[in-house]
Structure formats: structure tokens, C-alpha cells
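J.:
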Amino acid sequence: MKLLVCISQTPDTTSKVSFNADGSEFNAAGVQFIMNPYDEWYALVRACELRETLGGTVVALNVGPAANETTIRKALAIGADEAVRIDSDPKSAGFVAKQIAEYAKNEAFDIIFFGKETIDHNGSEVGAMVAEYLDLPYVSYASKLDLNGSVATLERDIEGGVETLEVDLPFVVSAAKGMAEQRIPNMRGIMTARTKPLKEVPAVAYEDQAKAVQFTLPPAKAGVKLVQPDQMDELVRLLHEEAKVI
Amino acid sequence: MVLVFAESPRGQFKKSAFEAVTYGRKVADAMGTSCAALVLGNAANAGQLGQYGAVKVFQVTDTAFDAFDSQTYASAIAEVAGKNGAKVLVLSHSSTGKSLAGRLAVRLNAGLVSGVNSLPSAQGNSLKVKKSVFSGKAIAEFEISSDVKVISLMGNAVKPESLGAAVSAETITVGAAKGRIRVKSVKTQEGTVPLPEAEIVVSAGRGMKGPENWGMVEELATSLGATTACSRPVADAHWRPHHEHVGQTGIAIRPNLYIAIGISGAIQHLAGVNNSKVIVVINKDPEAPFFKAADYGVVGDLFEVVPQLNAAIKKFKAG
């Protein structure tokens, strides 16, 4: 079993979001960066669980600069066997997908894992792009993944429900809540992570076709308008006449 | 041409398909070109998409599309887009659209922006379009510079509008593509609007004290024609089903009205709901962080406030 888990680095959920003066770039000053939660909690942990029962190798892959190595070491501490960093400063989902596909195309992975989306750009784009480059089936927003020989059974979240499906290895999957439970790396994991292989690979050329050019903060809320608990007719009036939502 | 892929899961169009066609028509008008819609599968009355602005509706009535597989769907959509020289492809940012958008971008050598929430502006050959990023904490404008462009539209971002008249759908065929996904079953909640599409959502949290108290939440939702939702601790404690969980790890929604009952408003919860147009918070704790993100607030005991709100809504609806 050869499993690839693509991990992204994102600002922590609780970070205050700000941009440089002309709004062209995220202001990273004072921001805590973490492994994208869906990549870590669901994709990486499920890959490690499968490796633990079936044997094989879990490779964690990040497309990013050397500063991301703290995040990559955390993936190794949680249980990945080895890691690859494709050295670059990615500016678009298209760039990231191209790098992953170029690396994976000759590696014969059985399953390529992604989180359902990143918590910064919320795009959910890269997994489908990689699946297309590699001509592999793609299952998005999977909340359950079981393997029986070379056949996988998955459940995926759809609008207001669940779809159950089967697919043969190899395939690409994006992981949502339910696929696994978050793991806290233990001391042994943290110690062994320091000596696990982390390979640096150069990026291939790619011209961005769509990228963020301008960031703004949403308009500030006017502030909450409080209604007394015994004045629910007034709340209904406000929702109807002022907010116009009922 | 602007080509809109209008989803018809299990043979039924949903509101998101009408939103996508309306959006596609407006993009086409801005670019001085026409708007066509593509339907995969046997949905009845595909021609109704004309009412939302499609001047042409293509339909591939092949049972191969009864179950969803991103490879067969992307192959068909790309073929129709290519044959008709589509410059912009519009999808819904749904579970289906998210599986297709990246594939189509690669296949068509197109720039992709997913989850957009407003109309693009054209500048020469490039389009600029906005979307919500950082879980609603910021807005990003993206520039798409490729010849062919792929856009997926966030649900509830535009209203379906009457921009034309029904047409008769043109049945077409596409080359066979081999599907490798075998769909075994699809389970959906009957009779309720799925959360991502709901215009009004009534959501409740730990303040409810236990699942036995949810009756009043459901009654309020029924009075409003709303869909019910819940916070993470409530889903984790199995007080409510997993698919009701809204927030960062659950579902992100953007209804017109979000009523939060007994939910403190942790940042992870806000990440899933702060794109709602209007937020009402009912909580007995005046220091609950959710009040900072709310438009209207009621500080009080939810066990008294919710039945009174329900009575007021019923009175209002009765006119």
C-alpha cells in the first residue's frame, strides 16, 4: 500500500486576518501557521490507519517554501513515513496541482489524499485537478473510506445526504469530517520525525491562469441591535421591514 | 458563448441550477455573447432553463449520467464546451461542482475560480471575480487570464431571475467515457431543503440542554419554512444528526437569515455561518461572542424566548 497525503499550510483558524497596505498579499506578521485541519485530522490520520492495518508507506507532500518544514515534520510526527517538499512559493491552486501531479505520475500511489478544502482559500480545487492530470477517479468530501483488497467503499457528503460508492485502486480522495479522528502526536512520534526522510524536489514551470490579485476585509457589522425578550413581535417586524428576510 | 452546467441530481433541477443559469446569462450579457445550458441525464422539462436566461439548452439523455462520476461528467461537459467554443463555463459550487471544476480547468487548460459570490468584471481578455476567503474573514478578487475560464457559483449568492422564455431542449450525444465509480446508494432527507440551499436556517446548540428539547426548534423552523441545523458539540453528542452540523468542520452555509439559539459563537462555528446575510442570536449570556457577529440579538432564556418568537412568527404569517 503506497499512500500520498497532500498537506497544505494555512493560518490558524483563530488568526486575525489582515493584508499589506495595497491589499495584494496576506500579512503573515504575528500569524500562527498550522497544517490545514482537514488534511491533518482526516486525510493524514486515515492514511496512517490504513498503513497500520495493511502495511506500506505514507508519504506526506507539501508544495511550499523551506519555512513549511515545521508543518511537514508534524505530519511525520503524526505518522507519515517520509515527506516530500516541492520547493516553491505557490500563488495558485493550478500551480500546486501541477507540481503534485508531476511528482505523483511516476510513483504509482494507490490512494492520493487531500483535505476537503483549505481554510484560507476555501477552493476545493486541487484534488480534482490532480485526478484529471493523472486520469484517476476522484471522490470528494468523503466521510468514510474502507478498503477490501483493491476495492474501496466510500461515503461522501452530498447536499442533504450521503452517497455510498465503490471504486478500485488507484484513486484520488478528499477527506471530510467522519473519516478519522484527530491524533495528537506523541513524544516518540515527535522524536522519530526528526530523522525521517524529508526530500526536497524542485518545482516545474507553470504559468498561473487564475490568481488572487486583491484582498479586502468585509464591511464591519453595524453592531447588534438588541430586542427585549418579551418583544418578539418587534423582532418579527424588524426582520420583515428592516432586514427584509421574512 | 457562456456554457452553464445545470445540475439535475436524480432527475430534478434544484434552485442552484436556476441560480447558475441566471448568473451565466448575466456574464454572457456583460461579455456581449450568448448563454447556453447543458443538462446531463433524463431530467424532464430541461427547456425551463430558458426562463432563467439560457437561449439554448443542450441535453444528453443517456442513462450513463444517472449516477455521478466526475470523469464521465467532465468528459461530456468539456466536449460540449469545446464543440461550441465556450469561453466561460459556469458550474454550481456544490458537491458535484467541486468534483468537476478542477477537472474541467485542467482539461480545458482554463483558469478556475471556485465559490464566487458576485458578477465578474471584464477587462480585455481577462475576468475579475470575487469570492469569500479565510472562512468569511476576507474577500479576494481573482483575475482569470486564460482564454477559457471556469467559474463555480456559491449557493444563494444570486437569486434566480426570469430572463427569458422556456425553450425546447436540443438532445445531443457525446462520446462514451468510461466511468470507474460505482454508486451503490444515495440517501437524502426527504421533504426538507438541504442546508447549503436553505434561505432560512434555525440552528441550536448546547444551550438546549438535551435532544428532548428540540421540539420548539423544529416548530420554529416549520413556522418559518426553515431548515434546522446545529453546532458541533450537539452533533458530536449525537443529539442531532451529523448532516445538521454547520461550522468549519461541518457545512458552510450562507442563508438570508440564520437564527442561532443557545450557541455561544466560537470562531470555528462562525467560520461556517458568517456569510449569512442576517444573523439573529438568542442567548442568555450577554457576553456570548456570537452577539458581536449578530445583526439582532435577544438576551434571554431561550426556553421562554423561542416559543414566544414562534407565536409572533405564526401571527405574522397569518397576516
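Chains A and B supply the protein sequences, listed in that same order.
Here my numbering runs 29 ahead of the position in the first sequence, where the first position is 1.
Every letter in the second sequence is one number past the one before it in my numbering, and letter 311, counting from 1, is 293.
The beta carbon of each residue, even a glycine, is placed where N, CA and C say it ideally should be.
This structure is a prediction, so every number in the text was calculated from the model and none was measured.
For residue 85(B), which of 140(A), 151(A), 169(A) has the nearest alpha-carbon?
T.: Ranking the options by Cα distance to residue 85(B), first place goes to 169(A).
J.: Find the residues of chain B that neighbour residue 279(A), judging by a C-beta separation of less than 7 Å, and give them in chain order.
T.: Nothing about residue 279(A) can be reported from this structure: the residues present for chain A run from 30 to 275 only.
J.: Can you grab the Cα-Cα spacing for the pair residue 197(A) / residue 81(B), in whole Å?
T.: The straight-line gap from Cα to Cα measures roughly 18 Å.
J.: Taking the alpha-carbon positions, what's the residue 71(B) to residue 202(A) distance?
T.: C-alpha separation (whole angstroms): 24 Å.
J.: By the 9 Å beta-carbon criterion, what residues does the region 243 to 263 of chain A contribute toward chain B?
T.: Under the 9 Å Cβ criterion, the region 243 to 263 of chain A contributes 243, 244, 245, 246, 247, 250, 251, 252, 253, 254, 255, 256, 257, 258, 259, 260, 261, 262, 263.
J.: List the residues of chain A that residue 166(B) touches, going by C-beta distances under 9 Å, in chain order.
T.: 182, 192, 193, 194, 195, listed in chain order.
J.: Alpha carbons only, please: which of 115(B), 271(B), 203(B), 228(B) is nearest the one belonging to residue 216(B)?
T.: Nearest of 115(B), 271(B), 203(B), 228(B) to residue 216(B), Cα basis: 228(B).
J.: Could you spell out where the beta strand (DSSP E) holding residue 155(B) opens and where it closes?
T.: Where residue 155(B) is concerned, there is no enclosing beta strand (DSSP E), given that its DSSP letter is neither H nor E.
J.: Which one of 178(B), 142(B), 10(B) has the shortest CA to CA distance from residue 102(B)?
T.: Ranking the options by Cα distance to residue 102(B), first place goes to 10(B).
J.: Are there three or more Cβ pairs, one per stretch, closer than 8 Å when the region 245 to 257 of chain B is compared with the region 116 to 123 of chain B?
T.: Cβ pair count under 8 Å is three or more, so yes.
J.: Since residue 231(A) is in the beta strand (DSSP E), which residue starts that stretch and which ends it?
T.: Per DSSP, residue 231(A) belongs to the beta strand (DSSP E) from 227 to 231.
J.: Please tell me whether, using a cut-off of 6 Å, the distance from the CB of residue 256(A) to the nearest non-hydrogen atom of the ligand ZN is below it.
T.: As presented, the structure is devoid of all ligands, the ligand ZN included, so that no description of it is given.
J.: In terms of DSSP beta bridges, what is residue 121(B) paired with?
T.: Paired residues: 245(A), 114(B).
J.: One question on the structure: do residue 241(B) and residue 262(B) come within less than 7 Å of each other, judged by their Cβ atoms?
T.: Yes, the Cβ-Cβ distance between residue 241(B) and residue 262(B) is below 7 Å.
J.: Residue range of the alpha helix (DSSP H) that residue 99(A) falls in?
T.: That run of the alpha helix (DSSP H) goes 98 to 107.
J.: Pop quiz: residue 19(B) and residue -12(B) are said to be a contact at Cβ under 8 Å. What is the actual Cβ separation, rounded to whole angstroms?
T.: So it is a contact: roughly 5 Å between Cβ atoms.
J.: May I have the straight-line CA-CA distance separating residue 268(B) from residue 281(B), to the nearest angstrom?
T.: Computed Cα separation, rounded: 6 Å.
J.: On a CA-only basis, which of 179(B), 156(B), 164(B), 275(B) is nearest residue 44(B)? Give me that one, please.
T.: Considering only alpha carbons, the answer is 156(B).
J.: Which ranges would you report for the beta strand (DSSP E) in the region 176 to 218 of chain A if only whole runs of at least 3 residues count?
T.: Correct list: 180 to 187, 190 to 197, 200 to 204.
J.: Quick test of your reading: residue 184(A) and residue 204(A), contact by CB under 8 Å. State the CB separation rounded to the nearest angstrom.
T.: Actually they are not in contact, since the Cβ atoms of residue 184(A) and residue 204(A) sit about 11 Å apart, beyond 8 Å.
J.: If you measure beta-carbon to beta-carbon, which residues of the region 47 to 77 of chain B are closer than 9 Å to chain A?
T.: The residues in question are 49, 50, 51, 52, 53, 56, 75, 76, 77.
J.: Let me check one thing: in DSSP terms, what residues is residue 261(B) bridge-paired to?
T.: According to DSSP, residue 261(B) bridges with 240(B).
J.: So what's residue 110(A) in DSSP terms, helix, strand or just coil?
T.: Residue 110(A) falls in the coil class under three-state DSSP.
J.: I'd like to know if the region 44 to 57 of chain A and the region 72 to 86 of chain A are in contact, where contact means that at least 3 CB-CB pairs between them fall below 8 Å.
T.: No, they do not touch.
J.: How far does the alpha helix (DSSP H) with residue 59(B) in it reach, from first residue to last?
T.: Its alpha helix (DSSP H) spans residues 52 to 65.
J.: Mind reading off the beta-carbon distance from residue 33(B) to residue 147(B)? Whole number of angstroms is fine, and I expect it under 8 Å.
T.: Right, the Cβ-Cβ distance comes to about 6 Å (below 8 Å), so this counts as a contact.
J.: From which residue to which residue does the beta strand (DSSP E) around residue 92(B) run?
T.: Run containing residue 92(B): none; DSSP gives neither H nor E here.
J.: Please confirm whether residue 75(B) and residue 136(B) have their CB atoms less than 7 Å apart.
T.: Yes, these two residues count as a Cβ contact at 7 Å.
J.: If you draw a straight line from the alpha carbon of residue 132(A) to that of residue 144(A), how long is it in whole angstroms?
T.: Straight-line Cα distance between these residues: approximately 19 Å.
J.: Taking a Cβ distance cut-off of 8 Å, strictly less, list which residues of the region 212 to 226 of chain B are near chain A, in chain order.
T.: Hits within the stretch, in order: 224, 225.
J.: Any Cβ of chain B within less than 7 Å of the Cβ of residue 188(A)?
T.: Answer yes: the Cβ-Cβ gap between residue 188(A) and chain B drops below 7 Å somewhere.
J.: State the Cα-Cα distance for the pair residue 162(A) and residue 160(B), rounded to the nearest angstrom.
T.: Approximately 16 Å between the Cα atoms of the pair.
J.: Listed from N- to C-terminal order along the chain, which residues in the region 272 to 288 of chain B have their beta-carbon within a distance smaller than 8 Å of any beta-carbon of chain A?
T.: Correct list: 273, 274, 275, 276, 277, 278, 279, 280, 281, 282, 283, 286, 287.
J.: Cα-Cα, which of 194(A), 90(A), 234(A) is closest to residue 165(B)?
T.: Nearest C-alpha to residue 165(B): 194(A).
J.: For residue 68(A) and chain B, any beta-carbon pair shorter than 7 Å?
T.: False, the Cβ-Cβ gap to chain B never drops below 7 Å.
J.: Please report how far the alpha carbon of residue 302(B) lies from the alpha carbon of residue 274(A), in whole angstroms.
T.: Outside the modelled stretch of chain B, which goes from -17 to 301, sits residue 302(B), for which no answer is possible.
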